[in-house]
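Asks:
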Amino acid sequence: GQSLEQPSEVTAVEGAIVQINCTYQTSGFYGLSWYQQHDGGAPTFLSYNALDGLEETGRFSSFLSRSDSYGYLLLQELQMKDSASYFCASFYNQGGKLIFGQGTELSVKP
Amino acid sequence: DVKVTQSSRYLVKRTGEKVFLECVQDMDHENMFWYRQDPGLGLRLIYFSYDVKMKEKGDIPEGYSVSREKKERFSLILESASTNQTSMYLCATHLERGGRRGYTFGSGTRLTVV
Numbered sequence: 001g002q003s004l005e006q007p008s009e010v011t012a013v014e015g016a017i018v019q020i021n022c023t024y025q026t027s028g029f030y031g032l033s034w035y036q037q038h039d040g041g042a043p044t045f046l047s048y049n050a051l052d053g054l055e056e057t058g059r060f061s062s063f064l065s066r067s068d069s070y071g072y073l074l075l076q077e078l079q080m081k082d083s084a085s086y087f088c089a090s091f092y093n094q095g096g097k098l099i100f101g102q103g104t105e106l107s108v109k110p
Numbered sequence: 111d112v113k114v115t116q117s118s119r120y121l122v123k124r125t126g127e128k129v130f131l132e133c134v135q136d137m138d139h140e141n142m143f144w145y146r147q148d149p150g151l152g153l154r155l156i157y158f159s160y161d162v163k164m165k166e167k168g169d170i171p172e173g174y175s176v177s178r179e180k181k182e183r184f185s186l187i188l189e190s191a192s193t194n195q196t197s198m199y200l201c202a203t204h205l206e207r208g209g210r211r212g213y214t215f216g217s218g219t220r221l222t223v224v
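Sequence lines, in order, name chains A and B.
Under our numbering, the first residue of the first sequence carries the number 1, and numbering increases by one thereafter.
Under our numbering, the first residue of the second sequence carries the number 111, and numbering increases by one thereafter.
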């Protein structure tokens, strides 16, 4: 079946840069998304990559390499409020159906 | 912005009860989804719907059914609740925004089956 792999947790300090990696199975792959979820909250959409390369949105950037079946989320100038879980998710077969990774818990320390 | 409303934030039900989880969106989106979220397992797709009266099974449909009688409403039904269905349930609608494709999620229903 389809699956995505990402680290279960990452720790970084305030002001630093952190990269959260995601690898995926290629069968029917259509694009990679990233979501942020704070404790007790709903996931919120951060970014989407359909093509190879880097997409930048403020302090957050997302990258995709189809040839490597790999993407990452880059968070710069980390703030305490960035402590949350981050999920990569992929669309398959243009159906709008998203498959999620298990999530990476990011802890930002002072 | 699209708003996705789930009828209950917290719910406690007894084993064997029939449970209805309601989700309503305020935009004209065809695609709606039900996920459950459990620690260490991420979000897993239960059922989805691309149009009224249309439904498709996701990855873990066993023990669940769905109903979509109107475009804005997508209901998840637990036919006979069991303790292993204790979970956070998330409804989502498919949003395309400026060419970027994202879901909008409801705030979730935390269901406890006792």
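Virtual Cβ for every residue (Gly too), placed ideally from N, Cα, C.
Remember, it's a predicted structure, so these values are computed and weren't measured experimentally.
(1) By the 9 Å beta-carbon criterion, what residues does the segment 149 to 168 of chain B contribute toward chain A?
(2) Quick one: is GLY101/A near chain B, going by C-beta distance under 9 Å?
(3) Residues of chain A with CB closer than 8 Å to the CB of PHE217/B, please, in chain order.
(4) For the structure I just gave you, are there three or more beta carbon pairs, one from the segment 54 to 65 of chain A and one from the segment 74 to 82 of chain A, closer than 8 Å?
(5) If you draw a straight line from the alpha carbon of HIS139/B to that of SER107/A, how long is it in whole angstroms?
(6) For SER159/B versus PHE184/B, is the C-beta distance shorter than 9 Å?
(7) With distance defined between alpha-carbon atoms, name the residue in PHE130/B, THR214/B, MET164/B and GLY152/B nearest to TYR174/B.
(8) Determine the direct distance from the alpha carbon of SER197/B to that of ALA191/B, and round the result to whole angstroms.
(9) If ILE160/A and VAL10/A are in contact, beta carbons under 8 Å, what's the gap, nearest whole angstrom?
(10) According to DSSP, what are the bridge partners of ARG146/B?
(11) For a test of the three-state rule: what should DSSP assign to ASN194/B, helix, strand or coil?
(12) If I follow the unbroken beta strand (DSSP E) through ARG35/A, where does it start and stop?
Replies: With the given structure in hand:
(1) GLY150, LEU151, GLY152, LEU153, ARG154, LEU155, PHE158, TYR160, GLU166 and GLY168
(2) yes
(3) According to the sequence provided, residue 217/B is Ser. The question's Phe does not apply to it. Chain A residues near SER217/B: GLY41 and ALA42.
(4) yes
(5) 35 Å
(6) yes
(7) PHE130/B
(8) 12 Å
(9) Nothing can be reported for residue 160/A: it is not among the residues displayed for chain A, which extend from 1 to 110.
(10) ARG154/B and TYR199/B
(11) helix
(12) Reading the sequence as shown, one finds Tyr at residue 35/A and not Arg. Looking at the DSSP string, the run of the beta strand (DSSP E) that includes TYR35/A is 29 to 37.
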